[in-house]
Each structure stands twice: as structure tokens, then as C-alpha cells.
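Reading the sequence shown from the start, the letters are residues 1 to 352 in full-length UniProt numbering. Taking it in order: structure first as C-alpha cells, then the write-up.
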Amino acid sequence: MYKVDIQTDLKEAAAIEARRNREKQRQSRIFNARYRTMGVDVEGLKSQVEEQILRENAEKQRDDAFGKVQYDKIAQMLEEEERQRKRQLEQAVVKFREEKQQPSMSREWDIHDPEVVRKGSPARVSDDDPRCGPSSMQRFGGEDLQAPARHKLQKEQNKRVLEEQKTERERDLADQKYADILEGKKRIELDQRALELARLEEECRRAKAMATANFNRAQAAEEAQQQRLAQQREQDDNYAEIQNHLTGDILTENPDVANSLMGPHRVIPYRWKGMTSAQMEAIWKMQAEQCMENQASGLKRLVHAMQEEALGREDTHLFITTVYHRSDYNKIFTKCEGVLTSVIYCTTAREH
């Protein structure tokens, strides 16, 4: 359990214990016949007032103690701030004296300076010193007072030039080395790039070759399939054509194909294969019937002519007998005997 929970439990337990104690005290006052009184419990009220006063005094003392502690802390903080401010002010004064109030900055320092002689200028500074006149005994003909300084300056200049050349050469070498390193890296990168491009090109070539081979195989398979289908189709067409020829109207000479829509008695000329045996028999039968009708009509005309010439029934029978015995009309009379007889009988009946 956390500490906060423990404190809460302790407070709650203390409160419960206090309530129990108060309850026990109350019960002892109530159930004790000696101290129990009727009406208001004056002693209890007095004790409550005293407890209230004590509690208020304790709270006041606590508040006073807390206020004193706060005041002490505030006073300590103010004292600390004052000490810090004084310290900073003293440091600023010391710094100002060190920077602005040095002995060398005073107006009388040139009088009190112990190094004034050593710091002073010499009697002769250079060859063209205006202080050195003819009577100064400081300058003579052929003298070169600036030679050491000039030599030193020349040496320093040469040294500086050499150092600059050395620095420039080192910089050039460093730049060249850096350029060589960059060129090497660039070459390595280009070589790697070339190898990568070559690898990619080879992979592309392989992929292209593989794709071409797959396409060729697929195309060859497709062409073979198409050829097989074409051969199968051609073979089926041939079989169908043979079957159509075998069962068609050309070889079987189906006469129904020559029937025309214009009428049952008309035919299509370019489809007509000739007359069938039934048609031929019908025609022959028709021709035979026509021949018989022609012969019968001729015989009838002959009979009428003979009737006109005959005088009586006996002569007519005589004529029939004569015709029957003739060689030319023997067969015709046999075939048309019924017709001739009916004609004769009809004619006789009409006469009577």
C-alpha cells in the first residue's frame, strides 16, 4: 500500500476510535444513575465550550507560529539579496579601478615612471633623422644604420614568402590529393555504375530473350493449335462436303429441288434432272388415253358418217360387222367396243 493510503487509514481509524470514546463517555454519563440529570447537560456543554476554546487557541498558536516562520524566511531572503548586491557593487568598483584607474593613466606618470630613460627615443633614429644635424656628431658619411633592420626585414620577408610558398604548395598538394581521391571515388562510382548498367542490361537482355522465347513458344503453340484446328476444320469440312454430296440432291437426283414456287406444274430449268419414272409412266398413260380418245373420236365420226348414210338398223349392224372384220379397225374396235356400242345405242335411242 502507498503511504498516502496508510495515512488515510490511520486518520480514519483515529476518528473511529475518537467517536467510540465519545460514545462510551456519553453512555457512561447517561446510564450512570448518580450523574444522570434530567434536561440540559450543563457539564457536557461546559466541556464542549472548553474544547472549542482550546481548539481555537491551538489553531491561533499554529497560525502565529507559521507566520513567524514565514517572516523569518522572508527576512533571510532579503538579507541574502542585500549581501549579493553589496558583493556585486564591490566587484564592479574593483573592475573599474583595474580598467580605468591604472597608474600609467595618470597625468603625472611621465614624471614618476621608472622606465622613462629606457623608454625614451635614442639620439639618432635613422639616417634621415631631422634631429641629427652636422654638429650633432651622430651621423657620418657612408653609414647605413638601417642595414640590420633592412636585412632582418628582408629575411622576414623571404621567410614569409617561403612560408607562403610552402603553405600554397601544401595546399596545392592537399587539393591535388583531394582531387585524386575524388577522381578515384568518381571512377569507382562510374565503374560500379557501369557494372550495374551492364548487369541490368544483361538482365534486360536475358529477360527480353526469355520473353521472346516464351512469345515464340506461345506463338508456335498457337500456330500449331491453329494449324490443328484448321486441319480439323478442313477435315470436318471435307467430311461434311462428302456427306453432303452423298446425301445431297445432286448425286441422289432429288426431283423436289426442281419444284418452282410459281406452281406445281412448273420447274426450275437449271435444277431439273429430267422426269421420273412415275412421271414418264403418267405421260405414257396419258398419251395412251389420248390415243384411245383420238381413235374413239375418229371412230365416232366414222359411225356418224355411216349412220347418215345407213337407212335402217340392219344396215348399222352390218356396218359394225364390216368394220370389225377389217384389218385396220380390228384392234381399235376391240378396245373401243364399249364406247362404240354406247354411241350406237345413244344414237338409236335418239332416233326413236
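Every residue gets a Cβ at the ideal spot worked out from N, C-alpha and C, and that includes glycine.
Residue i in three-state terms, based on DSSP
{"i": "V125", "result": "coil"}
{"i": "A18", "result": "helix"}
{"i": "F31", "result": "helix"}
{"i": "Q138", "result": "coil"}
{"i": "E12", "result": "helix"}
{"i": "D144", "result": "coil"}
{"i": "Y324", "result": "Caution applies to Y324, whose pLDDT of 48 falls short of 50 and renders its modelled position unreliable; the value that the coordinates give is listed next. Helix, per DSSP."}
CA nearest to the CA of residue i, picked from the options
{"i": "W272", "options": "A278, A282, S260", "result": "S260"}
{"i": "A147", "options": "E203, M137, S126", "result": "S126"}
{"i": "P269", "options": "V257, T276, A278, M280", "result": "V257"}
{"i": "E43", "options": "R55, Q25, E59", "result": "Q25"}
Residue i Cβ short of 8 Å to the ligand ZN heavy atom set
{"i": "K73", "result": "Among the ligands in the structure shown, none appear at all, so the ligand ZN cannot be discussed."}
Cβ of residue i within 9 Å of any chain C Cβ
{"i": "E108", "result": "The chain inventory of the structure shown lacks chain C, comprising one protein chain alone."}
Decide if the stretch 121 to 131 is in contact with the stretch 95 to 111; the criterion is three or more beta carbon pairs, one per stretch, under 8 Å apart. no
Please give me, in chain order, every unbroken run of the beta strand (DSSP E) with length at least 3 that falls completely inside the stretch 180 to 222. none
Runs of beta strand (DSSP E) lying entirely within the stretch 47 to 133, each at least 3 residues, in chain order: none
Quick check on the DSSP output: what are the complete alpha helix (DSSP H) runs of length 4 or more inside the stretch 236 to 311, in order along the chain? 277 to 309
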